[in-house]
């Protein structure tokens, strides 16, 4: 057969056509009576104060960083998990060491108090 | 005819490719066209299911809250979602004047696409599946990440503070709960020895939920958080930030977010069933006919979706700091520990008898679960005492 990933690409295209089509049809059918009030930002009827794109809480950034470490780790763990049956006990120990190193990072973050929502 | 009943997709595809070839179309183009048609059929089916899900959701929430739900339009209110769609279609298409136009309009489309793309690897029956990727489980995570992108795009481009806060919260939750989810996804991969979803289903002569009940539970919790549904609906939290990341959206663009949310929940119900409850397998029905297998798979996905709804309509929202602490300090270590223990047992007992293997897997899950639960209970008891006692050096009630 042909390439599986080509199929995924086709899937992506069709998956995009459907919502684009739906929104386009709605755009065609809907009324077009725009006015400034309608197009203003909705914040519970109160006019927006200041710019929205401001500096934001750094807390989220820390979580993203910790996530990144784990996510990369997981990518390495998937092949390990699949071949575990053939690799034997030594591979399990290696896996434990590998996860242990990353978990040590998590514990470090924890002890530093970065996991607290402050 | 006999062959059509056992492998309908292949027969139909071969026939169509033959016909197109006879019309003088090059073989490669015919294959692409036929797969295009097949994908279109699957996605059309999914959209139909999606429309039906709107009705299911409204009906089920009504029953949970002791109401009747939609019951006026058509029998049992079945035509209601179609009426909703017509209403959404004739709504005015509004883009806020301050919004980042391109990103704002792209976000709902991406949200829908992200969910639809997940279905590229879902095996509906042994022979009815789009593509049997050998990295199926990894693909799920990768394609699922696009919905995170859609949420941050929607929140950022709306130029609305509620939307921005909602998007940030949602993304923080999504990336956090991805870790326990992926760690529990590793368990079926270890047990089945493959990442392909069809292979995982085929390997479940005993459903993995009997070998890894705790894993199935953690996966469900993480999946609900991934979906951003109650009790983890930080991104929407109506009572706090109006509607979160999609507050600026209306008409069909809002409809896309809504539809993708429902389909996403249904999809994850399906994944839960594929990973831990044997997918399309049920009492050997899948061997009788692929059509029965599809029915079993969809029924199971609906059951998984029902469990997710059940949680949604019985739980309260959890505060975001509690939620992230719960994930990073409890669920993530627990999931990793469980995964390592199961890997160890899997290798240690791979030559042992089936009964010993199953019993020790199940036993390990139960013991780890009970110990973790007891630890959490102790911690919360200590925490309650600490909170109820006034801090040192401060007068009571300060």
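Chains as they are written, first to last, in the working numbering: chain L, 308 to 425; chain F, 1027 to 1424.
Beta carbons: idealized from backbone N, C-alpha and C, even for Gly.
I need the boundaries of the alpha helix (DSSP H) containing residue i, first residue and last residue.
i: residue 1391 of chain F; result: 1380-1414
i: residue 1258 of chain F; result: Element bounds for residue 1258 of chain F: n/a, residue is neither H nor E.
i: residue 320 of chain L; result: 311-336
i: residue 1459 of chain F; result: Examination of residue 1459 of chain F is not possible in this model, given that chain F is present from 1027 through 1424 alone.
i: residue 378 of chain L; result: 366-389
i: residue 417 of chain L; result: 396-418
i: residue 1161 of chain F; result: From DSSP, residue 1161 of chain F is part of no alpha helix (DSSP H); its letter is neither H nor E.
i: residue 1125 of chain F; result: From DSSP, residue 1125 of chain F is part of no alpha helix (DSSP H); its letter is neither H nor E.
i: residue 1299 of chain F; result: 1277-1302
i: residue 1223 of chain F; result: 1223-1228
i: residue 1374 of chain F; result: 1358-1374
i: residue 1203 of chain F; result: 1187-1218
i: residue 1231 of chain F; result: Taken as a continuous stretch (DSSP letters only), residue 1231 of chain F belongs to no alpha helix (DSSP H), as it is neither H nor E.
i: residue 1111 of chain F; result: 1106-1115
i: residue 1094 of chain F; result: Run containing residue 1094 of chain F: none; DSSP gives neither H nor E here.
i: residue 1038 of chain F; result: 1034-1048
To the nearest angstrom, how far is it from the Cα of residue i to the Cα of residue j?
i: residue 382 of chain L; j: residue 371 of chain L; result: 16 angstroms
i: residue 331 of chain L; j: residue 1407 of chain F; result: 55 angstroms
i: residue 1185 of chain F; j: residue 1131 of chain F; result: 13 angstroms
i: residue 1274 of chain F; j: residue 1195 of chain F; result: 17 angstroms
i: residue 1231 of chain F; j: residue 1304 of chain F; result: 8 angstroms
i: residue 1096 of chain F; j: residue 1102 of chain F; result: 7 angstroms
i: residue 1059 of chain F; j: residue 1139 of chain F; result: 20 angstroms
i: residue 329 of chain L; j: residue 1045 of chain F; result: 32 angstroms
i: residue 1220 of chain F; j: residue 1125 of chain F; result: 45 angstroms
i: residue 1041 of chain F; j: residue 321 of chain L; result: 22 angstroms
i: residue 1104 of chain F; j: residue 409 of chain L; result: 51 angstroms
i: residue 318 of chain L; j: residue 1168 of chain F; result: 15 angstroms
i: residue 1182 of chain F; j: residue 347 of chain L; result: 16 angstroms
i: residue 1188 of chain F; j: residue 1087 of chain F; result: 26 angstroms
i: residue 1106 of chain F; j: residue 1098 of chain F; result: 8 angstroms
i: residue 310 of chain L; j: residue 1065 of chain F; result: 15 angstroms
i: residue 1246 of chain F; j: residue 1357 of chain F; result: 12 angstroms
i: residue 270 of chain L; j: residue 1337 of chain F; result: Residue 270 of chain L lies beyond the stretch modelled for chain L, which goes from 308 to 425, so this question has no answer here.
i: residue 1047 of chain F; j: residue 324 of chain L; result: 27 angstroms
i: residue 1244 of chain F; j: residue 1202 of chain F; result: 13 angstroms
i: residue 404 of chain L; j: residue 384 of chain L; result: 12 angstroms
i: residue 313 of chain L; j: residue 1164 of chain F; result: 17 angstroms
My guess is that residue i and residue j are in contact by the Cβ rule of under 8 angstroms, so how many angstroms apart are they, rounded?
i: residue 1227 of chain F; j: residue 1300 of chain F; result: 6 angstroms
i: residue 1387 of chain F; j: residue 1159 of chain F; result: Incorrect: roughly 27 angstroms between the Cβ atoms, too far for contact.
i: residue 1215 of chain F; j: residue 389 of chain L; result: 6 angstroms
i: residue 1290 of chain F; j: residue 1141 of chain F; result: 5 angstroms
Compare the C-beta of residue i with all C-beta atoms of chain F and state if any pair is closer than 7 angstroms.
i: residue 311 of chain L; result: yes
i: residue 346 of chain L; result: yes
i: residue 337 of chain L; result: yes
i: residue 315 of chain L; result: yes
i: residue 411 of chain L; result: no
i: residue 369 of chain L; result: no
i: residue 405 of chain L; result: no
i: residue 414 of chain L; result: no
i: residue 325 of chain L; result: yes
i: residue 420 of chain L; result: no
i: residue 330 of chain L; result: yes
i: residue 376 of chain L; result: no
i: residue 396 of chain L; result: yes
Identify every residue that forms a DSSP beta bridge with residue i.
i: residue 1149 of chain F; result: F:1155
I'd like to know if residue i contacts chain L, where contact means its C-beta is closer than 7 angstroms to some C-beta of that chain.
i: residue 1173 of chain F; result: no
i: residue 1110 of chain F; result: no
i: residue 1066 of chain F; result: yes
i: residue 1278 of chain F; result: yes
i: residue 1424 of chain F; result: A caution first: residue 1424 of chain F carries a pLDDT of 42, below 50, which makes its placement in the model unreliable, though a value can still be read off. So no, residue 1424 of chain F is outside the interface.
i: residue 1208 of chain F; result: yes
i: residue 1122 of chain F; result: yes
i: residue 1151 of chain F; result: no
i: residue 1399 of chain F; result: no
i: residue 1301 of chain F; result: no
Does the distance between the C-beta of residue i and the nearest non-hydrogen atom of the ligand GTP fall short of 6 angstroms?
i: residue 420 of chain L; result: Only the bare structure without any ligand can be found here, which leaves the ligand GTP out of the picture.
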